[in-house]
Structures are given as C-alpha cells and as structure tokens.
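If you use mature numbering (1 follows the signal peptide of the UniProt record, and there is no 0), the sequence shown corresponds to residues -20 to -1, 1 to 313, in order. Here the structure is laid out as structure tokens; the discussion comes afterwards.
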Amino acid sequence: MASPLLLFLVLLSLSAIAHSGHHNSRPRLTLDYYAKTCPKFDQIILETVTTKQMSNPTTAAATLRLFFHDCMVDGCDASVLISSSSSNKVEKDANINAALAGDAFDLITRAKNALELSCPGIVSCTDILAITTRNLVKIVGGPFYKVPLGRKDGFVSNASHAEVNLPKVNSSMDQMIAMFNAKGFTVEDLVALTGGGHTIGFSHCKEFSNRIFNFSKTSDVDPTLNPKFAVRLQKMCANYQNNPTVAAFNDPLTPGVFDNMFFQNLMKGLGLLASDQILATDPRTKPIVELYARNQTVFFETFANAMEKTGTIDVKTGRHGEVRARCDRFNTK
Ligand code: HEM
Ligand SMILES: *[C@@H]1O[C@H](CO)[C@@H](O)[C@H](O)[C@H]1NC(C)=O
Ligand SMILES: *[C@@H]1O[C@H](CO)[C@@H](O)[C@H](O)[C@H]1NC(C)=O
Ligand SMILES: *[C@@H]1O[C@H](CO)[C@@H](O)[C@H](O)[C@H]1NC(C)=O
Ligand SMILES: *[C@@H]1O[C@H](CO)[C@@H](O)[C@H](O)[C@H]1NC(C)=O
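What follows is the structure, encoded as structure tokens:
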C-alpha cells in the first residue's frame, strides 16, 4: 500500500521532470519581480521617465524605437545598448541603427544609475528598457499594457544580426511579413506595431528622399504621395545632403500624440516612408489600415497586445543572461 506521503513525493518528482523541459522556452517573468529586491523600482522608473520626457519630449519616440530594435535582434536583452570594442562591431553601430536617438540611451543610463544607487546589481538593463518604453507610450497618449519583469541582459551584440533582422524602408511586403512572422507576429500585429511606432517621432530626409526627388523617368515625385505634402517635403529636404540632420514628422498631423492618425494619413497619401505607404495599398494590410483608421480601440488593443509579445521575444533568464553593472558593457568582457 503506498502511503499518501510517498504518492505525493512521486507526483512531485514527476511534475519536476515534466517542467524541466520547458526551462529555456518559457521565461518566467513576473509583474512583482523587484518588489522585495528593489522596493523603490517603480518610483525610480516613474521619476526618471517623467523628468526626462518633460525636458526632452523626443524621448518617447526614441525609446520606443530603441526597444523595438533591441527585441527584434537576438531578443529583448539590451544587446542594442552595448558599445563597440576593437574586436566586436555591435548592434548599435550597424547602419540601420545609426539614427537611434541619444535621448533613449541617456534615459536608460539615468534610470540605471539611480537604480544602482538604491539596489546595486539587481535590475537588468533590458527590464529598464521594457518598462520605460511602456510608461512613455502611456505618457504620450497610447494604451497601457503589462510588463512582466525578470529578463536578463544578453551576452551577444553583433552588428550583422541587426542588418538582417530589422525591416528597411525599401523592404517588400513579403519581406516585412516574413520578418515579423519569424518573431511570432501576425500581419495585424505588424500593422499595429508600425502604426504605433510611427504615430510619433521623426525620419531623416534620406529615408524618403527617393520618393520626392527623381522618383522615376515619368514623375519627380512618388505618385502615391499627396502632392501638397510632397512639395512641403521637397522644400524641407532641399539641402538634405549637406544638412543630413533635417527630419520630418512620421505623423505630420498629430506628431506628438499617440493616436490612430497615422492610419488616416496613409489613406490620404500622407505616409512618409515607402514602407508605411505600402501598408495602405497591399491587399493583405489595406483592410487592417482601414479598420485601425476608423476604430482606435481595436488599434490600441492590438498594439498593446503586440507590445507585450515584443517584450517576450527570446528572453534570457537564469544563467542565460546577467544583470549588467553598466548597460553599455558586458560584465564578463
Ligand atoms: C515595418 C517596418 C518598419 C520600418 C521599415 C521602419 C523604419 C523606420 C525608419 C527608417 C525610421 C526613421 C529613422 C530616422 O531617420 O531617424 C523610423 C523611425 C521610427 N520607428 Fe520605425 N520602422 C518600422 C517599424 C517600426 C516599429 C514596429 C516600431 C515600434 C513599435 C517603430 C518605431 C519607430 C519610432 C518610434 C521612430 C521614430 C524615432 C525617433 O523619432 O527618434 N518602427 N522607422
Ligand atoms: C556576427 O555574426 C555573423 C553572422 O552570424 C558571424 O559570421 C560573425 O562571426 C559574428 N561576429 C562575432 C564577433 O561574433
Ligand atoms: C534596399 O536598399 C539597400 C541599400 O540601401 C539595398 O542593399 C537593398 O538590397 C535594398 N532592398 C530591397 C528589397 O530593394
Ligand atoms: C535629379 O536628377 C538631376 C538630373 O537628372 C540631377 O541634376 C539632380 O542632382 C538629381 N537630384 C537628386 C536629389 O538626386
Ligand atoms: C471598435 O472596436 C472595439 C473593440 O474591438 C469594439 O468593441 C467596438 O464596438 C468598435 N467600435 C466601432 C464603432 O466599430
């Protein structure tokens, strides 16, 4: 006769065996991860984010883009924050990351410094990036979503991985869908994430110059572009080769507000990037653009959900990562 205790022990060990196989595939992130080890976590993040965004309103867009570019490349592990060394050309120094804005890096450094004073060696850089992004999206008018914590910082940062995992303005729709699909995103997610990313922030002229200068043999300007908008952009970018810092708002009508105007813009030819404008013409994405343009609630729900998903891409836990002492350097190298 097996005693209840023995039965209990047998079941316990069976369950341990059953769970051990999931160790790497299912990161265990929790909302209260720092509650005991860093009680001032929420307060420090709140204060740092609010102060920075008030003094530099471009921080929100800068940080949202940084988060996306981190998570798409070897997962959300703060690999994008690492600085190059003589032996390693890092993600940050890939061409596609050349315009990542300094305000975002500065925000992470400030938050990390404050957290290290309060609870040294506890909070990872990747968690800081994930939660500051969420708070900033909310501050500029976007939806709230949950950010479970406990990610570790990664050990790899390689420029060539950035070039192959991030979409470009001249990517085809097939390429974009495949790229997002590889990270677990649907076409609805792709449209919502891109609209959420490009309802705030800037693009430099070189990213859309081929749409407004010498577009084709028959037309100077991309015919899918609203003609008045095109003239404004031509004036603004007239001297962009000599002055490469000139940039235009991604959402020309409500540039500082997180809303669904981006989708309404696309339907009027006010999409700045070629990759934005094709969302409104490709038959796979056009109906989704139209839906988000008329219903901001569906857009916000899909975006929030997709951002939660973004925050779980290839997350490292346990010994698969570390808590960096400085966000721009590996501890071990
Ligand atoms: C679908 C493919 C996408 C392409 C081809 C693309 C490309 C670009 C390009 C070329 C810029 C301008 C960079 C510059 O000149 O400074 C930009 C800006 C930006 N992108 Fe995307 N992007 C895409 C999707 C996303 C997604 C999914 C997000 C985030 C969820 C995002 C967030 C941003 C933000 C916030 C900015 C403005 C950055 C700032 O003002 O500092 N993008 N994007
Ligand atoms: C970076 O990644 C590429 C492609 O996967 C690889 O060939 C190269 O060796 C890597 N560089 C470093 C320094 O690990
Ligand atoms: C996009 O442009 C880059 C150069 O900026 C080029 O290397 C790449 O092949 C182009 N991609 C497509 C899909 O045309
Ligand atoms: C457009 O083409 C003309 C000649 O066809 C050339 O002079 C001009 O520099 C080009 N402009 C740009 C911005 O490439
Ligand atoms: C917008 O979408 C939400 C969420 O899916 C839905 O509950 C609502 O009825 C929609 N509103 C309109 C006007 O269609």
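Cβ coordinates follow ideal geometry from the N, Cα and C atoms, glycine included.
* Should Ala78 go down as buried or exposed, given a rule of 16 or more other Cβ atoms within 10 Å for buried? -> With fewer than 16 neighbouring CB atoms inside 10 Å of its own CB, Ala78 falls in the exposed class.
* To do: Decide if the segment 83 to 100 is in contact with the segment 283 to 301; the criterion is three or more beta carbon pairs, one per stretch, under 8 Å apart.
  => Short answer: they don't touch.
* Length-filtered (4 minimum) alpha helix (DSSP H) runs lying within the segment 91 to 156 -> Those alpha helix (DSSP H) runs which fall completely within the segment 91 to 156 and span 4+ residues are 105 to 119, 139 to 145.
* Asked: Roughly how many angstroms separate the alpha carbons of Phe160 and Cys307, rounded to a whole number?
  -> One C-alpha to the other measures close to 27 Å.
* To do: State buried or exposed for Asp231, treating a residue as buried only when at least 16 other CB atoms are found within 10 Å of its CB.
  => When all chains shown are included, Asp231 counts as buried.
* Check whether the segment 31 to 41 touches the segment 258 to 275, counting contact only when three or more Cβ pairs, one atom from each stretch, lie closer than 8 Å. => These segments do not touch.
* Ser35 in three-state terms, based on DSSP -> Under the three-state reduction of DSSP, Ser35 is assigned to helix.
* alpha helix (DSSP H) segments (min. 4 residues) lying fully within the segment 145 to 228 -> Whole alpha helix (DSSP H) segments, 4+ residues: 153 to 161, 167 to 177, 189 to 192, 207 to 216.
* Within the same chain, show all residues whose beta-carbon is closer than 6 Å to that of Phe181, passing over the 5 residues directly before and after it, in chain order. => First, the residue type needs correcting, since residue 181 is Gly and not Phe in the sequence shown. Here the set comprises Ala41, Asn230.
* Just tell me which of Ile119, Thr38, Gly130 has its CA closest to the CA of Thr17. => Of the listed residues, the one whose Cα sits closest to Thr17 is Gly130.
* Through-space distance from Ala254 to Asp202, alpha-carbon basis -> About 9 Å.
* Asked: Just to confirm, does Ser140 get its C-beta within under 7 Å of one of the non-hydrogen atoms of ligand 2?
  -> Because some heavy atom of ligand 2 lies under 7 Å away, the Cβ of Ser140 counts as near it: yes.
* How about Gln244 and Ala273: are their beta carbons less than 8 Å apart? -> Yes, these two residues count as a Cβ contact at 8 Å.
* Give a yes or no on contact between the segment 114 to 130 and the segment 54 to 61, applying the rule of three or more CB pairs nearer than 8 Å. => The segment 114 to 130, when compared against the segment 54 to 61, does not touch it at the 8 Å Cβ threshold.
* What are the start and end residues of the alpha helix (DSSP H) that includes Ser255? -> Taken as a continuous stretch (DSSP letters only), the alpha helix (DSSP H) holding Ser255 covers 254 to 257.
* Answer yes or no: do Gly301 and Asp50 have a C-beta to C-beta separation smaller than 8 Å? => Contact: no.
* To do: Quick one: using the 10 Å Cβ neighbour count with 16 as the cut-off for buried, is Ala74 buried or exposed?
  => It is buried - the Cβ of Ala74 has at least 16 other Cβ atoms within 10 Å.
* How should Gly82 be labelled, buried or exposed, when 16 other C-beta atoms within 10 angstroms of its C-beta is the threshold for buried? -> Residue environment: Gly82 is assigned as exposed (fewer than 16 neighbouring CB atoms within 10 Å of its CB, all protein chains considered).
* **Exposure label - Ala142; buried when at least 16 CB within 10 Å** => It is buried - the Cβ of Ala142 has at least 16 other Cβ atoms within 10 Å.
* To do: State the beta-bridge partners of Lys16 as determined by DSSP.
  => For Lys16, DSSP records no beta bridge to any residue.
* To do: Taking the CB atoms as reference points, tell me whether Leu246 and Leu233 lie closer together than 8 Å.
  => At least 8 Å separates the beta-carbon of Leu246 from that of Leu233.
* Going by the CB atoms, is the gap between Thr290 and Phe48 shorter than 8 Å? -> Yes, the Cβ-Cβ distance between Phe48 and Thr290 is below 8 Å.
* Considering Thr282, what are the terminal residues of the alpha helix (DSSP H) in which it resides? -> Bounds of the alpha helix (DSSP H) holding Thr282 are 276 to 290.
* Asked: When DSSP labels each residue in this structure, what does Asn240 get in the three-state scheme?
  -> Asn240 falls in the coil class under three-state DSSP.
* Lys296 bridges to which residues according to DSSP? -> In the DSSP output, where bridge partners are listed per residue, Lys296 has Lys132.
* Cβ-based burial, Gly251 [other Cβ within 10 Å; buried from 16] -> By the Cβ neighbour-count rule, Gly251 is buried, with 16 or more other Cβ atoms within 10 Å of its own.
* Note down the Cα distance separating Lys186 from Thr282, rounded to an integer number of angstroms. => If I take the Cα positions, the gap works out to 31 Å.
* Beta-carbon gap between Asp239 and Thr166 smaller than 8 Å -> In this structure, Thr166 does not lie closer than 8 Å to Asp239 by Cβ.
* To do: Check whether the Cβ atoms of Val29 and Leu116 sit closer than 8 Å, and answer yes or no.
  => Contact check for Val29 against Leu116 passes: the beta carbons are separated by less than 8 Å.
* To do: Give every residue whose Cβ lies closer than 5 Å to any heavy atom of ligand 5, listed in chain order.
  => The answer, residue by residue, is Asn275, Thr277, Val278.
* To do: Using three-state DSSP, classify Thr234 as helix, strand or coil.
  => If DSSP states are grouped into helix, strand and coil, Thr234 belongs with coil.
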